[in-house]
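Asks:
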Ligand code: GLU
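Residue numbers (the working numbering): 75 to 500.
So, in C-alpha cells, the structure goes:
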C-alpha cells in the first residue's frame with residue numbers, strides 16, 4: 075500500500091509552498107487509496123511552537139487534507155534515533171566526536187536514484203562530507219531522523235520540494251548502511267513569483283490562514299494549488315477536488331518551476347463564488363462578516379441573500395462582501411475620490427442627479443423594471459445617453475464605479491436611501 079507523509083517543522087506558519095507539498099502528497103495518497111501521514115519535525119525545541127503546530131494542522135484541515143493515523147512527533151523519539159545511531163557505531167560505520175555521532179561517508183562511490191519527476195540523478199560520494207547523525211546535545215540531525223522515521227512509518231514515496239534533492243543521496247547512504255529498502259522519491263519544483271524570482275511575501279508567500287482572512291475559499295485555494303506544477307490536460311482549470319483526486323498523478327508534475335499568480339487565484343476564487351449555491355455563499359459571507367465584526371443589528375438575512383445574489387457574479391473574495399455590506403447597511407458610505415471627481419463634478423452633474431431624484435421620487439413603484447423605464451425615459455427627454463445618468467447615479471449611491479447592475483442595486487437599497495444619497499450631490 076502506498077504510504078506518503080507530510081513532514082512540517084512547527085517553526086512557522088503553513089505557507090503556500092508547503093501547503094502545495096502537503097497537497098500533492100495527499101492527492102497521491104487519495105488517488106491510490108493509500109495513506110497520508112503527518113510527521114512533525116520538532117527536533118528544534120527552541121524554535122518549535124505549539125501555536126505554529128495548531129495553525130499548520132488547522133490550515134491542512136481547512137484545505138480538506140485529512141490525515142490517517144496519529145501524527146508522529148520527532149521530539150518524542152530521540153531514544154529511537156539514538157538506538158539506530160549506536161547500531162551504526164557498533165557496525166563501524168559511524169564514529170564519535172565528543173558526544174556527537176558521525177556517519178562515515180565512503181569515498182569513490184556513486185549514489186543514483188530515479189526521481190519520479192526529474193528522472194535519474196547521480197552524485198559522487200566524493201562531493202559529500204561525513205554526516206552528523208546525533209548532535210552532542212542528544213538531538214538527531216534532519217537527514218538522520220528523516221530516514222529512521224520514513225522507515226519506521228513504512229513510507230513508500232517521499233514527495234517533497236526540490237530544495238531537498240541534495241539531501242537525498244545522503245539519506246540513501248544511510249538506508250544502505252542500515253540495510254533498509256530505499257523508498258521512491260519525487261522532488262517538486264519550487265513555486266516562483268510572477269517575475270520568476272523566489273516567492274516572497276509581497277507575491278503571496280503568506281500563511282494559508284492569511285488567505286482565509288482575506289476571504290479566499292478553501293475550494294478555490296486547493297484547486298489553484300493543485301495546478302502549481304501539475305495540469306490535468308485539455309486546459310481545464312476549474313476542477314472539483316474529487317475530480318483532481320481522480321486525475322492526479324505525480325508523474326505528470328512538471329520539472330520546471332510553477333508560477334504563483336495572485337490575480338489568477340483571485341479570478342479563480344471569483345469563479346467559485348459565482349458558481350456556488352446561493353444559500354452556501356450567503357452563509358459563508360455571513361460567517362465572514364461576523365468574523366470581521368461587520369454585521370450589526372440592522373442585518374436582515376433575507377435582504378442579504380438578495381444582495382449576495384446581485385453581486386455573486388462580481389465578487390472575487392469574501393472580503394469584497396464587506397464593502398458590499400456597507401453600501402446597503404451603513405448610512406455613511408465611502409466614496410472613491412477618483413470616481414467622484416470623474417462623474418460628480420461635471421458642470422451638468424447636479425442638474426442630472428436632481429432630475430433623476432425628482433423622477434425617482436414620483437415614480438409610482440420602485441423596482442428594477444420601473445426604475446429602468448424611468449431612467450430610459452428621462453435620458454430621452456434630456457437627449458442624453460442612458461449611461462450619462464447611470465454612471466453618476468451609481469457613484470452617488472454606492473461611492474463606486476463598479477458593482478451589481480445599477481437598477482438591481484437601487485431596488486435593493488430602497489427608495490429612501492437612494493433619494494437621500496442622490497440629494498447629497500444635487
Ligand atoms: N521538515 C522538512 C521540511 O519542511 C521535511 C523535508 C522532507 O520532507 O523530508 O522541509
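Here a beta-carbon is modelled for each residue, glycine too, at the ideal position from N, C-alpha and C.
For clarity, every value in this text was computed on a predicted model and none was experimentally measured.
Three or more C-beta pairs closer than 8 Å, one from the stretch 93-100 and one from the stretch 220-234: is that the case here?
Replies: yes
Asks: Which residues in the same chain have their Cβ closer than 8 Å to the Cβ of residue 500, if we skip the five residues on either side of it in sequence?
Replies: Translated into the one-based positions of the chain shown, residue 500 becomes position 426. Answer for residue 500: 424, 427, 428 and 431, listed in chain order.
Asks: Going by the C-beta, is residue 81 closer than 6 Å to any heavy atom of the ligand GLU?
Replies: In the chain shown, residue 81 corresponds to position 7, counting from 1. Under cutoff, so the answer is yes.
Asks: DSSP on residue 170, reduced to helix/strand/coil?
Replies: The residue given as residue 170 occupies position 96 in the chain shown. If DSSP states are grouped into helix, strand and coil, residue 170 belongs with the strands.
Asks: Under a Cβ-count criterion, where at least 16 other Cβ atoms within 10 Å of its own Cβ denotes burial, should residue 360 be classed as buried or exposed?
Replies: By 1-based counting over the chain shown, the position of residue 360 is 286. Residue 360 is classed as buried because its beta carbon has at least 16 other beta carbons within 10 Å across all chains shown.
Asks: Output the boundary residues of the beta strand (DSSP E) element that contains residue 120.
Replies: In the chain shown, counting from the first residue as 1, residue 120 sits at position 46. Element bounds for residue 120: n/a, residue is neither H nor E.
Asks: Entirely within the stretch 250-311 and at least 3 residues each: give me those beta strand (DSSP E) ranges in chain order.
Replies: Counting whole runs of 3 or more residues, the stretch 250-311 contains the beta strand (DSSP E) stretches 258-262 and 265-267.
Asks: Give a yes or no on whether the minimum CB-CB distance between residue 427 and chain B is below 7 Å.
Replies: No chain B appears in the structure shown, which is made up of a single protein chain.
Asks: Kindly give me the distance between the Cβ atoms of residue 385 and residue 339, rounded to whole angstroms, as I take these residues to be in contact under 8 Å.
Replies: Taking the chain shown and counting its residues from 1, the one referred to as residue 385 is at position 311. Taking the chain shown and counting its residues from 1, the one referred to as residue 339 is at position 265. The Cβ separation is near 20 Å, so there is no contact.
Asks: Whole-angstrom Cβ separation of residue 456 and residue 471, contact assumed at under 8 Å?
Replies: As a working mapping, residue 456 is identified with position 382 in the chain shown. As a working mapping, residue 471 is identified with position 397 in the chain shown. Not quite, the Cβ-Cβ distance comes to about 19 Å (not below 8 Å), so this is no contact.
Asks: Is it true that the stretch 235-249 meets the stretch 189-209, where meeting means three or more beta-carbon pairs spaced less than 8 Å apart?
Replies: yes
Asks: Taking the Cβ atom as the reference point for each residue, do residue 390 and residue 331 lie within a distance shorter than 7 Å?
Replies: Sequence index remark: in the chain shown, residue 390 carries index 316 (1-based). Sequence index remark: in the chain shown, residue 331 carries index 257 (1-based). Not in contact: residue 390 and residue 331 (Cβ atoms no closer than 7 Å).
Asks: Quick check: the stretch 128-139 against the stretch 275-285, are there 3 or more CB pairs under 8 Å?
Replies: yes
Asks: Write down the C-beta distance between residue 393 and residue 289 rounded to the nearest angstrom, noting that I regard them as a contact closer than 8 Å.
Replies: By 1-based counting over the chain shown, the position of residue 393 is 319. By 1-based counting over the chain shown, the position of residue 289 is 215. Your pair residue 393 and residue 289 checks out as a contact, with CB atoms roughly 3 Å apart and the cut at 8 Å.
Asks: Out of 208, 335, 204 and 464, which has the shortest C-alpha to C-alpha gap to residue 277?
Replies: Your numbering for residue 277 matches position 203 in the chain shown. Closest option to residue 277, Cα to Cα, is 335.
Asks: What is the residue span of the beta strand (DSSP E) that residue 198 lies within?
Replies: One-based indexing of the chain shown puts residue 198 at position 124. 193-198 is the span of the beta strand (DSSP E), which, as asked, contains residue 198.
Asks: Tell me whether residue 234 counts as near the ligand GLU, meaning its Cβ is closer than 6 Å to at least one heavy atom of that ligand.
Replies: On the chain shown, position 160 is the one that residue 234 refers to. Yes.
Asks: What span of residues does the alpha helix (DSSP H) with residue 476 cover, start to end?
Replies: To locate residue 476, count along the chain shown from 1; it is residue 402. Boundaries cannot be given for residue 476, as no alpha helix (DSSP H) includes it and DSSP labels it neither H nor E.
Asks: Identify the residues that DSSP records as bridge partners of residue 499: which are they?
Replies: Working through the chain shown from its first residue, we reach residue 499 at position 425. None, per the DSSP bridge assignment.
Asks: Quick check on the burial criterion: 16 or more other C-beta atoms within 10 angstroms. Buried or exposed for residue 224?
Replies: Taking the first residue of the chain shown as 1, we reach residue 224 at position 150. It is buried - the Cβ of residue 224 has at least 16 other Cβ atoms within 10 Å.
Asks: Tell me whether residue 461 is buried or exposed, calling it buried when 16 or more other Cβ atoms sit within 10 Å of its Cβ.
Replies: Numbered from its first residue, the chain shown carries residue 461 at position 387. Under this definition residue 461 is an exposed residue.
Asks: Among 441, 450, 498 and 145, whose alpha-carbon lies nearest the alpha-carbon of residue 487?
Replies: As a working mapping, residue 487 is identified with position 413 in the chain shown. Answer by Cα proximity: 441.
Asks: Could you check whether residue 107 and residue 77 sit closer than 7 Å to each other, using their CB atoms as the reference points?
Replies: What you label residue 77 is simply residue 3 of the chain shown in a count that begins at 1. What you label residue 107 is simply residue 33 of the chain shown in a count that begins at 1. Not in contact: residue 77 and residue 107 (Cβ atoms no closer than 7 Å).
Asks: Ends of the alpha helix (DSSP H) at residue 357?
Replies: For the purposes of this step, residue 357 is identified with residue 283 of the chain shown, where counting begins at 1. Run containing residue 357: 352-365, per the alpha helix (DSSP H) assignment.
Asks: Can you tell which of 156, 186 and 185 has its C-alpha closest to the C-alpha of residue 176?
Replies: As a first step, residue 176 is located in the chain shown; it is residue number 102 there, counting from the start. Here the closest residue by C-alpha is 156.
Asks: Grab me the residues of residue 363's own chain with a C-beta within less than 7 Å of its C-beta, minus the 5 sequence neighbours each way, in chain order.
Replies: Along the chain shown, read from residue 1 onward, the residue named residue 363 stands at position 289. Once the five neighbours on either side are set aside, the close Cβ partners of residue 363 are 369, 395, 396 and 399.
Asks: Please classify residue 445: does DSSP put it in a helix, a strand, or coil?
Replies: Position 371 of the chain shown, counted from the first residue, corresponds to residue 445. Helix at residue 445.
Asks: Looking at residue 210: is its Cβ nearer than 7 Å to the Cβ of residue 174?
Replies: As a first step, residue 210 is located in the chain shown; it is residue number 136 there, counting from the start. As a first step, residue 174 is located in the chain shown; it is residue number 100 there, counting from the start. Going by C-beta atoms, residue 210 is nearer than 7 Å to residue 174.
Asks: Does the stretch 80-97 come into contact with the stretch 115-129, if we say contact requires no fewer than three beta-carbon pairs (one atom in each stretch) closer than 8 Å?
Replies: yes
Asks: For residue 311, verify whether its CB is less than 6 Å away from any heavy atom of the ligand GLU.
Replies: By one-based count along the chain shown, residue 311 stands at place 237. No - the ligand GLU has no heavy atom lying nearer than 6 Å to the Cβ of residue 311.
Asks: Is the distance from the Cβ of residue 453 to the Cβ of residue 463 below 7 Å?
Replies: Translated into positions along the chain shown, residue 453 becomes position 379. Translated into positions along the chain shown, residue 463 becomes position 389. Against a cut-off of 7 Å, the Cβ pair of residue 463 and residue 453 comes out as a contact.
Asks: In whole angstroms, what is the alpha-carbon distance linking residue 258 and residue 117?
Replies: Reading the chain shown from its first residue, position 184 is the one you call residue 258. Reading the chain shown from its first residue, position 43 is the one you call residue 117. Computed Cα separation, rounded: 25 Å.
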